[in-house]
Structure formats: structure tokens, C-alpha cells
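Colleague:
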Amino acid sequence: MQQVTKLPNGQLSEPFLVESRRTSIYSIIIERRKLMVKNEKLSLQMECTLLFQSHPYMIENLEGLALRLGRKIEDIKPVIELLIHQQIIKLMGSNKESPLYCYNEPVVITDMDIKSELNNL
Numbered sequence: 000m001q002q003v004t005k006l007p008n009g010q011l012s013e014p015f016l017v018e019s020r021r022t023s024i025y026s027i028i029i030e031r032r033k034l035m036v037k038n039e040k041l042s043l044q045m046e047c048t049l050l051f052q053s054h055p056y057m058i059e060n061l062e063g064l065a066l067r068l069g070r071k072i073e074d075i076k077p078v079i080e081l082l083i084h085q086q087i088i089k090l091m092g093s094n095k096e097s098p099l100y101c102y103n104e105p106v107v108i109t110d111m112d113i114k115s116e117l118n119n120l
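Shown next as C-alpha cells:
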């Protein structure tokens, strides 16, 4: 026979229900922490992107980026790797000890042939 406990609101509950609520609260806390970390990485990704877009001719290493952004190198490195993968920035040279990064200017098309598009309608 299982023991019944009285909750603060006067309802009766079995111990396993109380334990399952406790477990549920812990899982919610863990999920919120994961979300906070994800939001922090997104924020840092935006900061890095804006830094390179604002200074398109800047060439910088991880130490310099950490100094400019006021962040730790360990936090910046995975974000820089993601931005390289997304082709927002590019790696310059082959110096593996202190790699240099620069902004990868997007291709802009200035000529448009609107007449041919209108004829297709």
C-alpha cells in the first residue's frame, strides 16, 4: 500500500505524483537553461556578423575578436566556425596557430532585365 501525502492546498496526493512533479520541474529548468544558451549563441552570432558587416575590410584573429566583443575565445570560436560554414566570413591564409578572418562580401546583382520578365506574363 502506498502512502498518501497532503499537499499545501489541502489535496491528497500519492508520493510518486509528487516525485513526478519534481522531476517535471527539473526537466523544465534544464530546457530553459538550454534555451538560454541557444539564445546567447544566437546573440553572439549576430554581434560577430554585425562587427564584420560594419567593418568589411577588417582582418582579425580570435584574440582580436574576443577583445573587440568583450567575450571569451572559447565562446567565439564555435560561432566563427558557424559563420564560416554559412559563408558570412572567410578564413584567410593557412596559419593554423592564429588564423585570420574577414568578411565575405555578398554578391550583388545590379543588372536586371525586366522587359523579358514582363513579356513572360
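Taking numbering that gives the first Met the number 0, the leading residue of the sequence shown gets 0, the next gets one more, and so forth. Glycine included, every Cβ here is placed at the ideal spot set by N, Cα and C.
1. When we look at the beta-carbon of Glu-80 and count the other beta-carbons within 10 Å, is it buried (16 or more) or exposed?
2. Is the distance from the Cβ of Leu-66 to the Cβ of Cys-47 below 8 Å?
3. Grab me the residues of Leu-90's own chain with a C-beta within less than 7 Å of its C-beta, minus the 5 sequence neighbours each way, in chain order.
4. Between which two residues does the beta strand (DSSP E) holding Lys-76 run?
5. Hey, how far is the Cα of Ile-27 from the Cα of Leu-34?
Modeller: Taking the structure as given:
1. Result: exposed.
2. No, the pair does not count as a contact, with Cβ atoms beyond the cut-off.
3. Residues of the same chain with a CB within less than 7 Å of the CB of Leu-90, apart from the 5 flanking positions on each side, are Ile-83, Pro-98, Tyr-100 in chain order.
4. First-last for Lys-76: 72-84, but that is the alpha helix (DSSP H), not the beta strand (DSSP E).
5. Distance between the alpha carbons of Ile-27 and Leu-34: 10 Å.
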